[in-house]
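Trainee:
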Amino acid sequence: MPDEVAGINGDDADRREEADVVARIRAGESHLYGILIDRHQRRLWWAVRRLLNDPDDVDDVVQEAFVRAWEHLGDYDPAYRFYTWLYTIARNRALNVLRRQKVRGFVSLSADDAPPVAHPGDASTRAEGNELAGALAECRGTLPEDQREAFDLRHADGLSYAEIARAIGAPEGTVMSRLHRARGKMRDCLRSKGVTWP
Amino acid sequence: MHLDDPTLDRLRTGELEGPDRARAEAHLAVCARCAAAQEEMEAFARAVARGYAEERAAGPEPDWAARRAAVLAATASRRSAAPAWARWIPQMAAVLVAVVAVGVLVERGVRGPEEAGRFGAPAEQAPLQRAAPPGEAAPPEAPPGSRDEGPARPPVESPLGRAQAPGRPAPVPAPPAVHRDEAAPPSEAAGAEVQAGVREAEANEERPAREAVAGELLRQRRAEADADAGKAAARDAPTSPLDRYFAVGRAALAVEDSAAAGAALSLWRDTLSADGVAPTDADSAQLGSATALADSLAAFIGGPPE
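Protein chains in written order, with our numbering: chain A, 628 to 825; chain B, 876 to 1181.
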């Protein structure tokens, strides 16, 4: 297994297991697709929720991503975790939603097409009563969109550098750079809000 | 040289492997600054992860079972799990079906409507041969062995050719066609007509004789009106008395006229009385016929009522 596609914290075993599940689905055991849904839908929903403000849009994008993954399961590369591929599909569809909203004047997209953050106020409201969650949401809102997405994929979704690079279509070195800068800013922001860690 | 942020982060998650991992761990063992940075990286990551977890716990989430069911329902009606090349199979199959369909239509057009019925489509029959109207004899059927000869087969328009001629005026409905190979013999009605015609022709051939007989009878009756009708008839009659007897007697039997039959018998008796014996100018065959005719005339007169 190439080093750059290795999972984190033992996720390589999950990758192999998922590759086996996908192979069985392709062989005709379509009912096993529920395993992949159960394993990834919650994480994917929250990942998309951090990209889109409207929960209804999130629901639609997540469902469409699963359906499209089902339809194109033959294109899945088992060298990578299923979630990485699934997130890529969902991200593209979320960007389509954002482009439609841009046409309608709702949001603006950055030049590199990175999705904008969901409104920080919404995240703070959702995390009301949770000081750490509120601070985290506010600090994430201060990051550039490309850094924020990399930070979320790394620390919320647990993707490896290689997986992040694959998911967002950027070189791995760029991912390292974005994460390094994002972590520096987040440390400063969180400390400024009273959040401590050893 | 100290370990950088990505190296510490990748070391934390286990992504750093092989020689890179060995070098990083060796450095951490001897570098207190990097070891502290490593501890801080792990603590920072745990804090951030806890923040994400709190966010998820605080925020409303969908009904995951319902979302799962919705995805499965959406995927149930869709073809799935096929590799990229296999997704072209339906399109390739559709193209194959279209090619076969076109081939079938072309074949039907080439082979003519007599084969079309095999495919369940209504056969469009060309007016190969007009059905003979009643009383009109059907044209003669092609002789055996000539059915496949080109000049004898009228051109057949294929359905495909017709379909590919937009704007073409609608063809005038042709009368019910009869396929050349299935050319029916004259119908029973036509056969009856022919037979009736034959009988009529045969009857017409008898008409002159009947008319001759009638004329002779009229003449005989006029002669009977005469006081000496038998003798007058014998005088006016041509040739020998025996010939006049034969002519009147046979005519009387032909038209079943008893009066004429009586007149013929009078002629016969006159012939016998005149000569006293059988006429000598007649041979034995004529005498036999004359005697047989006389017997017939006598039987006839005694038979049917006057």
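Glycine residues also receive a C-beta, built at the ideal position from the N, C-alpha and C atoms.
Roughly how many whole angstroms lie between the Cα atoms of Gly-934 of chain B and Gly-800 of chain A?
Mentor: Locating residue 934 of chain B in the second sequence gives position 59, counting from the first residue. Locating residue 800 of chain A in the first sequence gives position 173, counting from the first residue. Cα to Cα, Gly-934 of chain B sits roughly 34 Å from Gly-800 of chain A.
Trainee: Which residues in the same chain as Ala-696 of chain A place their Cβ atom closer than 6 Å to its Cβ, once the five residues preceding and following it in sequence are excluded?
Mentor: Stepping through the first sequence from its first residue, residue 696 of chain A is reached at position 69. Leu-713 and Ile-716, listed in sequence order.
Trainee: Could you check if Trp-672 of chain A is buried or exposed, using at least 16 other CB atoms within 10 Å of its CB as the buried criterion?
Mentor: Residue mapping note: residue 672 of chain A aligns to position 45 of the first sequence, counting from 1. With 16 or more other Cβ atoms within 10 Å, it is buried.
Trainee: Only counting the same chain, and skipping five residues up and downstream in sequence, which positions put a Cβ closer than 8 Å to that of Val-694 of chain A?
Mentor: Here residue 694 of chain A corresponds to residue number 67 of the first sequence, with the count starting at 1. For Val-694 of chain A, where only same-chain residues beyond five positions count, there are no Cβ hits under 8 Å.
Trainee: Under DSSP, the alpha helix (DSSP H) around Val-694 of chain A begins and ends at which residues?
Mentor: As a first step, residue 694 of chain A must be located in the first sequence, where it is residue number 67. 682 to 698 is the extent of the alpha helix (DSSP H) around Val-694 of chain A.
Trainee: So Asn-757 of chain A contacts chain B; which residues on that side make the cut at Cβ distance below 9 Å?
Mentor: As a first step, residue 757 of chain A is located in the first sequence; it is residue number 130 there, counting from the start. Per Cβ cutoff of 9 Å: Gly-926, Glu-929, Glu-930, Ala-932 and Ala-933.
Trainee: Taking Val-822 of chain A as the query, report the chain B residues whose CB atoms sit under 7 Å from its CB, ordered along the chain.
Mentor: For the purposes of this step, residue 822 of chain A is taken as the residue at position 195 of the first sequence. Ordered by position in chain B, the residues that pass the 7 Å Cβ test against Val-822 of chain A are Ala-922.
Trainee: When you compare the CB positions of Leu-817 of chain A and Ala-777 of chain A, do they come within less than 7 Å of one another, or not?
Mentor: The sequence position of residue 817 of chain A within the first sequence is 190, counting from 1. The sequence position of residue 777 of chain A within the first sequence is 150, counting from 1. Cβ atoms of Leu-817 of chain A and Ala-777 of chain A: not closer than 7 Å.
Trainee: Along the alpha helix (DSSP H) that carries Asn-757 of chain A, what are the first and last residues, could you check?
Mentor: In the first sequence, residue 757 of chain A corresponds to position 130, counting from 1. Neither: Asn-757 of chain A is in no alpha helix (DSSP H) and is coded neither H nor E.
Trainee: So for Ala-706 of chain A, helix, strand or coil by DSSP?
Mentor: Stepping through the first sequence from its first residue, residue 706 of chain A is reached at position 79. If DSSP states are grouped into helix, strand and coil, Ala-706 of chain A belongs with coil.
Trainee: Closest to Ile-664 of chain A by CA distance: which of B:Arg-896, B:Val-923, B:Arg-908 and B:Ala-941 is it?
Mentor: For the purposes of this step, residue 664 of chain A is identified with residue 37 of the first sequence, where counting begins at 1. That would be B:Ala-941, whose Cα lies nearest to the Cα of Ile-664 of chain A.
Trainee: Looking only at its chain, what residues have a beta carbon closer than 7 Å to the beta carbon of Val-822 of chain A, apart from the 5 residues adjacent to it on each side?
Mentor: In the first sequence, the residue the question calls residue 822 of chain A occupies position 195. Only Leu-759 and Ala-762 meet the Cβ criterion.
Trainee: Which chain B residues are close to Gly-768 of chain A, counting only those with a beta carbon under 7 Å from its beta carbon?
Mentor: Here residue 768 of chain A corresponds to residue number 141 of the first sequence, with the count starting at 1. Within chain B, no residue comes near Gly-768 of chain A; the closest Cβ sits about 13 Å away, beyond 7 Å.
Trainee: Could you check the C-alpha separation between Leu-903 of chain B and Gly-655 of chain A for me, to the nearest Å?
Mentor: Walking along the second sequence from the start, residue 903 of chain B turns up at place 28. Walking along the first sequence from the start, residue 655 of chain A turns up at place 28. Near 50 Å, if we compare the C-alpha coordinates of Gly-655 of chain A and Leu-903 of chain B.
Trainee: Please list, in chain order, the chain B residues whose beta carbon lies closer than 9 Å to that of Asp-665 of chain A.
Mentor: Within the first sequence, numbered from 1, the residue matching residue 665 of chain A stands at position 38. Trp-939 and Arg-943, listed in chain order.
Trainee: Please list the terminal residues of the continuous alpha helix (DSSP H) segment that includes Leu-671 of chain A.
Mentor: In the first sequence, residue 671 of chain A corresponds to position 44, counting from 1. Taken as a continuous stretch (DSSP letters only), the alpha helix (DSSP H) holding Leu-671 of chain A covers 660 to 676.
Trainee: I'd like the list of long-range same chain contacts for Met-967 of chain B, defined as Cβ closer than 6 Å, with 5 residues on each side in sequence excluded.
Mentor: Position 92 of the second sequence holds residue 967 of chain B. The answer is none, since no qualifying residue turns up.
Trainee: Just tell me which of B:Ala-922, B:Val-972 and B:Ala-944 has its CA closest to the CA of Ala-783 of chain A.
Mentor: What you label residue 783 of chain A is simply residue 156 of the first sequence in a count that begins at 1. That would be B:Ala-922, whose Cα lies nearest to the Cα of Ala-783 of chain A.
Trainee: Nearest-angstrom Cα distance between Gly-811 of chain A and Asp-684 of chain A?
Mentor: The count along the first sequence starts at 1 and reaches residue 811 of chain A at position 184. The count along the first sequence starts at 1 and reaches residue 684 of chain A at position 57. When rounded, the distance between both Cα atoms is 32 Å.
Trainee: By the 8 Å beta-carbon criterion, what residues does the region 687 to 698 of chain A contribute toward chain B?
Mentor: From the region 687 to 698 of chain A, only Val-689, Gln-690, Phe-693, Val-694, Trp-697 and Glu-698 have a Cβ closer than 8 Å to chain B.
Trainee: With a threshold of 7 Å on Cβ separation, who are the neighbours of Pro-798 of chain A within its own chain once the five nearest residues in sequence on each side are excluded?
Mentor: Working through the first sequence from its first residue, we reach residue 798 of chain A at position 171. The answer, listed in chain order, is Ala-792.
Trainee: How should Glu-900 of chain B be labelled, buried or exposed, when 16 other C-beta atoms within 10 angstroms of its C-beta is the threshold for buried?
Mentor: Residue mapping note: residue 900 of chain B aligns to position 25 of the second sequence, counting from 1. Classification of Glu-900 of chain B: exposed, given that the 10 Å Cβ count is below 16.
Trainee: What three-state label does DSSP hand Ala-1102 of chain B in the structure shown?
Mentor: On the second sequence, residue 1102 of chain B is found 227 positions in, with the first residue counted as 1. The predicted position of Ala-1102 of chain B is uncertain, since its pLDDT is 46 and thus under 50; a value taken from the coordinates is nonetheless stated next. Correct three-state label for Ala-1102 of chain B: coil.
Trainee: How long is the line joining the alpha carbons of Val-972 of chain B and Arg-718 of chain A, rounded to whole angstroms?
Mentor: As a position in the second sequence, residue 972 of chain B is number 97, starting the count at 1. As a position in the first sequence, residue 718 of chain A is number 91, starting the count at 1. C-alpha separation (whole angstroms): 39 Å.
Trainee: What is the DSSP secondary structure of Ser-1164 of chain B, reduced to helix, strand or coil?
Mentor: One-based indexing of the second sequence puts residue 1164 of chain B at position 289. Ser-1164 of chain B falls in the helix class under three-state DSSP.
Trainee: Can the beta-carbon of Arg-983 of chain B be found less than 7 Å from the beta-carbon of Glu-698 of chain A?
Mentor: By 1-based counting over the second sequence, the position of residue 983 of chain B is 108. By 1-based counting over the first sequence, the position of residue 698 of chain A is 71. No, the Cβ-Cβ distance between Arg-983 of chain B and Glu-698 of chain A is not below 7 Å.
Trainee: Does Thr-1166 of chain B pass the burial test, meaning 16 or more other C-beta atoms within 10 Å, or should it be called exposed?
Mentor: As a working mapping, residue 1166 of chain B is identified with position 291 in the second sequence. Counting Cβ neighbours within 10 Å, Thr-1166 of chain B comes out exposed, since fewer than 16 surround it.
Trainee: Here's a check: name, in chain order, each residue in its chain whose Cβ is nearer than 7 Å to the Cβ of Val-648 of chain A, leaving out the five neighbours to either side.
Mentor: As a first step, residue 648 of chain A must be located in the first sequence, where it is residue number 21. Counting only Cβ-Cβ distances below 7 Å, and skipping sequence neighbours, we find Leu-659, Ile-662 and Leu-663.
Trainee: Distance cutoff 7 Å, beta carbons only. Does Trp-673 of chain A sit that close to anything in chain B?
Mentor: As a working mapping, residue 673 of chain A is identified with position 46 in the first sequence. Yes - at least one Cβ of chain B is within 7 Å of the one on Trp-673 of chain A.
Trainee: Quick check on the DSSP output: what are the complete alpha helix (DSSP H) runs of length 4 or more inside the region 900 to 965 of chain B, in order along the chain?
Mentor: Listed in chain order, the complete alpha helix (DSSP H) runs (minimum 4 residues) inside the region 900 to 965 of chain B are 907 to 933 and 939 to 951.
Trainee: From the DSSP output, in three-state form, read off Leu-1117 of chain B for me.
Mentor: Locating residue 1117 of chain B in the second sequence gives position 242, where the first residue counts as 1. Three-state DSSP puts Leu-1117 of chain B in a helix.
Trainee: What does Ala-918 of chain B touch in chain A if you count any residue whose Cβ is under 8 Å from its own?
Mentor: As a working mapping, residue 918 of chain B is identified with position 43 in the second sequence. Those within 8 Å of Ala-918 of chain B in chain A are Trp-824 and Pro-825.
Trainee: Per DSSP, what kind of secondary structure is Leu-891 of chain B in: helix, strand or coil?
Mentor: Position 16 of the second sequence, counted from the start, is the residue given in the question as residue 891 of chain B. Leu-891 of chain B: coil per DSSP, three-state reduction.
Trainee: Take the Cβ of Trp-939 of chain B as the centre, count every other Cβ of all protein chains shown within 10 Å, and call the residue buried at 16 or more, exposed below.
Mentor: Walking along the second sequence from the start, residue 939 of chain B turns up at place 64. Burial call: exposed.
Trainee: Among residues of its own chain, excluding the 5 on either side of Thr-581 of chain A, which ones have a beta-carbon nearer than 7 Å to its beta-carbon?
Mentor: Examination of residue 581 of chain A is not possible in this model, given that chain A is present from 628 through 825 alone.
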